[in-house]
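In this note's numbering, the protein residues as written are 217 to 327. In this text, a Cβ means the ideal position worked out from N, Cα and C, and glycines have one as well. Model, not experiment: these values are computed from the prediction. To start, the structure under review is shown below, and the notes come after it.
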């Protein structure tokens with residue numbers, strides 16, 4: 217496995233774990249509906265699982281990674297609206313850039 221893939225996998229794991237931790241926090245504090253917090257936890261786990269699939273040599277894990285990141289963005293926007301009543305564009309732009317970096321590293325890492 218090359219360096220690009222390792223970097224992508226490490227970033228994806230950290231991002232997935234952070235997403236799941238945020239979901240647990242939202243669940244405990246009841247800041248968002250239960251389904252939204254549980255979905256956040258699930259999507260975070262799927263991001264980590266997709267990274268594991270890539271490490272195991274399953275290149276189709278990149279598709280699961282992309283779908284999981286898209287779902288995470290949709291949930292993050294939904295949860296942000298429910299908690300704060302508005303969208304923070306800079307926050308979501310930073311999320312998008314990080315997601316794009318992870319996908320690019322993973323994609324070029326499996327090639």
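Using the three-state DSSP reduction, which class does residue i fall into: helix, strand or coil?
{"i": "residue 301", "result": "coil"}
{"i": "residue 242", "result": "helix"}
{"i": "residue 273", "result": "coil"}
{"i": "residue 278", "result": "helix"}
{"i": "residue 225", "result": "helix"}
{"i": "residue 311", "result": "helix"}
{"i": "residue 290", "result": "helix"}
Would you mind sorting residue i into buried or exposed? The rule is 16 or more other CB atoms within 10 Å of its CB.
{"i": "residue 241", "result": "exposed"}
{"i": "residue 295", "result": "buried"}
{"i": "residue 248", "result": "buried"}
Please report the distance separating the alpha-carbon of residue i from that of residue j.
{"i": "residue 223", "j": "residue 230", "result": "11 Å"}
{"i": "residue 291", "j": "residue 308", "result": "11 Å"}
{"i": "residue 226", "j": "residue 301", "result": "33 Å"}
{"i": "residue 286", "j": "residue 259", "result": "9 Å"}
{"i": "residue 246", "j": "residue 297", "result": "14 Å"}
{"i": "residue 311", "j": "residue 304", "result": "11 Å"}
{"i": "residue 244", "j": "residue 261", "result": "18 Å"}
Using only CA atoms, which one of the options lies nearest to residue i?
{"i": "residue 278", "options": "244, 263, 288", "result": "263"}
{"i": "residue 276", "options": "220, 326, 248", "result": "326"}
Does any residue of chain C bring its CB to less than 8 Å from the CB of residue i?
{"i": "residue 248", "result": "Note that chain C does not occur in the displayed structure, where there is just one protein chain."}
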